[in-house]
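Mapped onto UniProt numbering, the consecutive letters of the sequence shown carry residue numbers 1 to 556.
Presented below is the structure to which this report refers.
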Amino acid sequence: MTDFDAEMMQRAEELVDRFLAAPASEEDVEVVGAQLGRFPRGMVAVGARCRCGRPLAVVTRPLVDGRIPFPTTMYLTSPEAVKAASHLEAEGLMKEYNARLAEDEDLRRAYERAHVVYLAFRHALAARLGDDETHIEGTSAGGMPTRVKCLHALVAQSLVMGPGVNPIGDDALERMSGEFDADVCRCAPLDEGRAARRARRHAAERDTRDERGEGNEHNEENASETSVVVAGIDCGTNSIRLKIARVDADGIHDVVPRMLRVVRLGEGVDETHRFADDALERTYAAAREFAAVLAEHRVDALRFVATSATRDAENRKEFEDTIESILGVRPEVISGTEEADLSFLAATAMTSRDDLEPPFLVVDLGGGSTELVVGGDGEAMPATKVRAAFSMNIGSVRMTERHLHSDPPTQQQIDETVADIDAHIDEAFAHVPAGTSNTIIGVSGTVTTMTALAMGLPEYDHCAVDGVRMDFLTAFDVDDRFLHMPREERRGYRTIHPGRIDVVGGGALIWSRVLERIAEAARADHGKVIDSYVASEHGLLDGLVLDMGRRLLAER
């Protein structure tokens, strides 16, 4: 057990007592639920508030629901603060901090002390609440005491415990002041009604579980015969995503809507063929967050799939071993063909096809690879059956790192990228009869982001984007504009996730070129002019969940 000096422990106990004297109210829980998009289990108190009274960061008990160890005692909830911290991470600030820790002895000692203060606070909180710390003893958050792995956690400590405790958190707060300032209210409207419904539903479900008798268990058994609850995790080159859903004969019904964290696991893999330490730590942090969410739900099966970056990494075993230790399931490094099949399954099963003419060609444009999948014509072969598929080693991250080094990119870099893309498309077209298609369906973050920008949406809205048909001329114009746009200017568009700011131009270039080449192939094959595509929110992750659920139901 960590030894704490008397003065440190006294201050920790005083701070804990102050928070417990004003525990989180039902309204606080509802607001935080709206901020996070999920029920905030284990929330004890609001650790820091905006001037308007809205929570900025919260305090969580060390043992959630009496059984789930939770080392992150303080975490950000304010969407504005989360975005600002994400922007700093995307700019590479964590590398700068780690370099400073290696060189500056005073900073290193102050950071190590912040770690001990964090532990003292949690120890005092655990003592007051009667929580067991055994499984998280010595573990704080954010990479402390030796590295910086998550600015969100360090900023949360600075907000909750005040300035002068965590030097890195304090510095990050100062650097993000142009976008987030605890003393300046910049809070956007929240759907608090939705959060209230979620909180009440969660409380009702908890009470029902506590009071459940044999009759309720029988009803649960009957329900389980006709549906299954499954969880899927898709770990790509740029992001990692979790989805928990109930699958039955009617399809997918969300239990936990898609959670996405941009971790850039594939950073540098195209050049080094290895996962970088920082990239692994970002991914492990997201996996731990997902593990806490999964612990709240009973699932019949969990499958974790990894794609392009993991296929190329020499140190993937280390990644697989650590993920298995966190989540209890080993990552499956699936082939490009299986990735394509699952994306096609979701895009054709969950996108309205009433006015779409087969054959469908589904394009899944990721960070490290892009899949082309052509289905049947609806006569000789069902439209929802895969006829041919091919995975190209081109993606938004891979092309950006390989060619687009300037900001904005030079014309020579763009020309080199186009030549690279065309060479891969040539190879793909030798395996996939792209010209036979009549409808193009685009899935993935790049496609949906560029579609939202083409629609002129001020903020990303997945409901507005899903199923929309976009004409090529508008798409090409927007793709080209953002390709040539400096990253700082892109940052002004809230439609773009902070983790895509630096690579969205490369993705847009791939997307435009793929669309153009497919249209050319279709004209040459059957004379039809394809001048639009359909955007879909349903790709690999939904296909993974739907396929797993259907297989489990078939076994019953």
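Every residue gets a Cβ at the ideal spot worked out from N, C-alpha and C, and that includes glycine.
DSSP state of residue i, grouped into three classes?
{"i": "Glu14", "result": "helix"}
{"i": "His253", "result": "strand"}
{"i": "Ala57", "result": "strand"}
{"i": "Cys52", "result": "coil"}
{"i": "Thr310", "result": "helix"}
{"i": "Glu332", "result": "strand"}
{"i": "Glu179", "result": "coil"}
{"i": "Met485", "result": "coil"}
{"i": "Gly169", "result": "helix"}
{"i": "Cys185", "result": "coil"}
{"i": "Ser78", "result": "coil"}
{"i": "Lys83", "result": "helix"}
{"i": "Phe39", "result": "coil"}
{"i": "Phe275", "result": "coil"}
{"i": "Met399", "result": "helix"}
{"i": "Ala223", "result": "Since pLDDT at Ala223 reaches only 47, below the 50 mark, its modelled position is unreliable, and no value is offered."}
{"i": "Leu372", "result": "strand"}
{"i": "Phe304", "result": "strand"}
{"i": "Leu365", "result": "strand"}
{"i": "Gly138", "result": "coil"}
{"i": "Tyr533", "result": "strand"}
{"i": "Arg261", "result": "strand"}
{"i": "Leu404", "result": "coil"}
{"i": "Ala204", "result": "The predicted position of Ala204 is uncertain, since its pLDDT is 47 and thus under 50; a value taken from the coordinates is nonetheless stated next. Looking at Ala204 - three-state DSSP - the assignment turns out to be helix."}
{"i": "Ser25", "result": "coil"}
{"i": "Thr439", "result": "strand"}
{"i": "Lys528", "result": "coil"}
How should residue i be labelled, buried or exposed, when 16 other C-beta atoms within 10 angstroms of its C-beta is the threshold for buried?
{"i": "Arg311", "result": "buried"}
{"i": "Leu544", "result": "buried"}
{"i": "Lys243", "result": "buried"}
{"i": "Ala524", "result": "exposed"}
{"i": "Pro358", "result": "buried"}
{"i": "Thr495", "result": "buried"}
{"i": "Lys317", "result": "exposed"}
{"i": "Ser25", "result": "exposed"}
{"i": "Lys95", "result": "exposed"}
{"i": "Thr348", "result": "buried"}
{"i": "residue 560", "result": "Beyond the ends of the chain as shown, which are 1 and 556, falls residue 560; an answer cannot be given."}
{"i": "Val184", "result": "exposed"}
{"i": "Gly142", "result": "buried"}
{"i": "Leu365", "result": "buried"}
{"i": "Glu555", "result": "exposed"}
{"i": "Glu103", "result": "exposed"}
{"i": "Arg551", "result": "exposed"}
{"i": "Ala223", "result": "The pLDDT assigned to Ala223 is 47, lower than 50, so where the model puts this residue is not dependable, and the model offers no usable value."}
Whose CA, out of the options, lies closest to the CA of residue i?
{"i": "Val160", "options": "His403, Val305, Val59", "result": "Val59"}
{"i": "Asp341", "options": "Val362, Thr351, Leu327", "result": "Val362"}
{"i": "Cys187", "options": "Gly236, Thr77, Glu30", "result": "Thr77"}
{"i": "His123", "options": "Pro189, Thr322, Met9", "result": "Met9"}
{"i": "Ile440", "options": "Trp511, Met144, Pro382, Val418", "result": "Trp511"}
{"i": "Val386", "options": "Val46, Gly378, Glu488", "result": "Gly378"}
{"i": "Asp321", "options": "Val503, His297, Leu280", "result": "Leu280"}
{"i": "Pro71", "options": "Ser140, Tyr118, Pro23", "result": "Ser140"}
{"i": "Gly507", "options": "Asp278, Val478, Tyr493, Leu553", "result": "Val478"}
{"i": "Gln157", "options": "Asn393, Leu365, Arg113, His273", "result": "Arg113"}
{"i": "His403", "options": "Val29, Gly138, Val418", "result": "Val418"}
{"i": "Arg264", "options": "Arg274, Arg258, Arg100", "result": "Arg274"}
{"i": "Ser444", "options": "Arg258, Pro167, Glu267", "result": "Arg258"}
{"i": "Asn315", "options": "Val269, Ile425, Glu296, Arg109", "result": "Val269"}
{"i": "Gly505", "options": "Met399, Ala464, Arg100", "result": "Met399"}
{"i": "Thr307", "options": "His135, Leu173, Gly395, Glu30", "result": "Gly395"}
{"i": "Ala295", "options": "Ala102, Ala45, Pro69, Val247", "result": "Pro69"}
{"i": "Pro79", "options": "Arg41, Glu27, Leu36", "result": "Leu36"}
{"i": "Ala245", "options": "Thr237, Glu7, Ala301, Ala292", "result": "Ala301"}
{"i": "Phe319", "options": "Asp278, Pro55, Val299, Arg298", "result": "Asp278"}
{"i": "Met392", "options": "Val374, Ala423, Arg298", "result": "Ala423"}
{"i": "Asp502", "options": "Glu555, Glu401, Thr451, Asp426", "result": "Glu401"}
{"i": "Val229", "options": "Glu555, Arg556, Gly549", "result": "Gly549"}
{"i": "Glu91", "options": "His526, Gly499, Ala182", "result": "Gly499"}
What whole-angstrom Cβ distance do residue i and residue j have, given they're in contact under 8 Å?
{"i": "Gly539", "j": "Ser239", "result": "With 8 Å as the limit, Gly539 and Ser239 do not qualify as a contact, their Cβ atoms being about 12 Å apart."}
{"i": "Arg513", "j": "Ile421", "result": "5 Å"}
{"i": "Ile252", "j": "Phe304", "result": "In fact, because the Cβ distance is near 18 Å, the residues do not count as touching under 8 Å."}
{"i": "Pro546", "j": "Leu345", "result": "The residue you asked about is not Pro; residue 546 is Leu in the sequence shown. Yes, Leu546 and Leu345 are in contact; Cβ-Cβ is about 6 Å, under 8 Å."}
Could you check if residue i belongs to the surroundings of the ligand GTP, using beta carbon to heavy atom distance under 7 Å?
{"i": "Arg288", "result": "Within the structure as shown, the ligand GTP is missing, as the structure has no ligands at all."}
At least 3 beta-carbon pairs within less than 8 Å: the region 531-539 vs the region 466-482: The region 531-539 makes contact with the region 466-482: 3 or more CB pairs, one atom from each, lie closer than 8 Å.
Cβ pair count under 8 Å reaching 3, the region 332-350 against the region 365-375: Verdict: yes, contact present.
Cβ contact (3+ pairs, closer than 8 Å) linking the region 319-338 and the region 409-424: Remark: fewer than three beta-carbon pairs, one from each stretch, lie closer than 8 Å, so the region 319-338 and the region 409-424 are not flagged as touching.
The region 429-438 in contact with the region 507-526 per 3-pair CB rule at 8 Å: Taking one beta carbon from each stretch, the region 429-438 and the region 507-526 have 3 or more pairs nearer than 8 Å; the two touch.
Contact the region 278-288 vs the region 317-327: 3+ CB pairs below 8 Å: Three or more beta-carbon pairs separated by less than 8 Å link the region 278-288 to the region 317-327, which places the two stretches in contact.
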